[in-house]
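Shown next, in structure tokens, is the structure this report addresses.
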Amino acid sequence: MKGVNLKGRSLLSIEDWSSDEIRFVLMLAHTLKSEARKGVKNQRFAGKTLALLFEKRSTRTRCAFETAFGEEGGHPVFLSTQDIQLGGKESIEDTARVLGRMFSAIQFRGFKQSTVEALVQYSGVPVYNGLTDDSHPTQALADIMTLEENFGSDSGVKLAFVGDGRNNVARSLAMISAKLGVEFVVVGPKELQPDEAFVQKCRTIGRENGATITCTSDLSGVENAAALYTDVWVSMGEEREREARVKLLAPYQVNAALMEKTGRKDCIFLHCLPAVKGEEVTYDVIDGSQSRAWDEAENRKHTIKALLLATL
Ligand code: CP
Ligand code: NVA
């Protein structure tokens, strides 16, 4: 990965990073995981500070950032919007200006993509998108790392996302697939497929990298998939849509029959978590032998530590 230098960079969306930059962070994440297994201890964030801003709830993302940064001597500070004036009494721009004077970097989880963009513009420090309505780039890094652990490589591997294809997780997966040469298919009702302009953009990027991006409402789209991925039917902030979503997505539950339909005994199950077991996935699949959801959750920490090390 000659010539990759990510120092000072933000991660707002997978689209902003080149294929080499993404691969660089993934390689580092694999190294960090094996170091962690050997009990290697480092203090690579000593003297650094990280602001963790949360408008929405989180278990994995918060814990991954806090532990990855803290155990290497960094000082993470958790700030929910119950605690600080983000876009309330104080504008996002002014909050960003102040945080930029006190922190080495900022993580933001919330609603609008424009908030992470404003944080970058006004803080002058690296900003990491820990999930917005539009995208979930750090999740996509952990997902690809998990694919690589199971199949050796991601290029040419078929990944099927089953469910709400226009959500943040599906969009980041489509984009990272396009960058890394993955055969990506969204399998879900036509009402919940990613918008056409976005799909076209992914296809254009994908053509350069040997990736294919397809969308179908036909369950046969899962055939020959190496991994079936799903996410909740109702994302944070969309709770009013619950009834309509359940109706639309019920035929797309990931269950033993759908795993079987892939035609691959080595097919793995992925889920960003949290899961609503019995809804988008059955208990037997997520808790069964093909599930890699728990490795995937652990990989959030290794990929986030790699992101922090590469950019700080
Ligand atoms: N996958 C994920 O982002 O989990 P949290 O919402 O718990 O952070
Ligand atoms: N699509 C989900 C992902 C949670 C990690 C949400 O936005 O709620």
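Be aware that the sequence shown starts at 13, since it is given in my numbering, and climbs by one per residue.
Positions of the beta carbon are idealized from the N, C-alpha and C atoms, including for glycine.
Quick caveat: nothing in here was measured; it's all calculated off a predicted structure.
### Query
Taking C-alpha atoms, which residue in K202, D95, P149 lies nearest to M187?
P149
### Query
In angstroms, rounded to a whole number, what distance separates the CA positions of Y140 and R56?
18 Å
### Message
On the criterion of 16 or more Cβ atoms from any shown chain inside 10 Å, does E220 qualify as buried, or is it exposed?
### Response
exposed
### Query
Do you know offhand how far G300's Cα is from L282's?
11 Å
### Query
Under the criterion of a Cβ to heavy atom distance below 6 Å, does R72 qualify as lining the ligand ATP?
Of the ligands one can find in the structure shown, namely the ligand CP and the ligand NVA, none is the ligand ATP.
### Task
Confirm the yes/no value for this check: CB of L282, any heavy atom of the ligand CP, distance under 6 Å.
no
### Message
What does the alpha-carbon distance come out to for the pair L23 and V288?
### Response
28 Å
### Message
Can you check which of these residues, R178, V198, L153, Q151, is closest to K170 by C-alpha distance?
### Response
V198
### Query
Counting along the chain, where does the beta strand (DSSP E) carrying H314 start and finish?
Premise fails: H314 lies in the alpha helix (DSSP H), 305-323, not in any beta strand (DSSP E).
#### Entry: DSSP beta-bridge partners of P88
L62
### Query
Excluding sequence positions up to five away, which residues of its chain have a Cβ less than 6 Å from the Cβ of Q125?
T144, D146
### Message
Taking the alpha carbon of G68 as the reference point, which residue from G15, T323, R312, Q119 has its own alpha carbon closest?
### Response
Note on identity: in this sequence residue 68 is Lys, with Gly being the wrong assignment. Nearest C-alpha to K68: Q119.
### Query
Does the stretch 29-44 touch the stretch 309-320, meaning 3 or more C-beta pairs lie closer than 8 Å?
yes
### Query
Should A269 go down as buried or exposed, given a rule of 16 or more other Cβ atoms within 10 Å for buried?
exposed
### Query
According to DSSP, what are the bridge partners of N141?
F120
### Residue interval of the alpha helix (DSSP H) (run including I217)
208-221
### Task
Count the C-beta pairs between the stretch 223-242 and the stretch 157-171 that are closer than 8 Å, then say yes if the count reaches three, no if not.
yes
#### Entry: Terminal residues of the beta strand (DSSP E) in which Y241 lies
239-242
### Query
If you compare alpha carbons, which of F115, E250, E291 is closest to P138?
F115
### Message
Comparing C-alpha positions only, which one of Y241, E208, S184, A48 sits nearest to V297?
### Response
Y241
### Query
Exposed or buried, which one is G20 when buried takes at least 16 other CB atoms within 10 Å?
exposed
### Message
I'd like to know if the stretch 27-34 and the stretch 63-81 are in contact, where contact means that at least 3 CB-CB pairs between them fall below 8 Å.
### Response
no
### Message
Relative to the C-alpha of R276, which candidate in V266, E235, E308, K259 has its C-alpha closest?
### Response
E235
### Query
For S98, which three-state DSSP category applies?
What sits at residue 98 in the sequence shown is Leu, not Ser. L98 falls in the coil class under three-state DSSP.
### Message
Checking the sheet assignment: what are the DSSP bridge partners for T71?
### Response
DSSP output for T71 lists no bridge partner at all.
#### Entry: C-alpha gap between E291 and V110, whole angstroms
43 Å
### Task
Kindly give me the distance between the Cβ atoms of L260 and L204, rounded to whole angstroms, as I take these residues to be in contact under 8 Å.
6 Å
### Task
To the nearest angstrom, report how far apart V246 and C284 are at their CA atoms.
13 Å
### Query
With a CB to CB cut of under 6 Å and the five nearest residues on each side skipped, what residues in its chain are close to L65?
L91, F120
### Task
May I ask you to report which of helix, strand or coil DSSP gives L171?
strand
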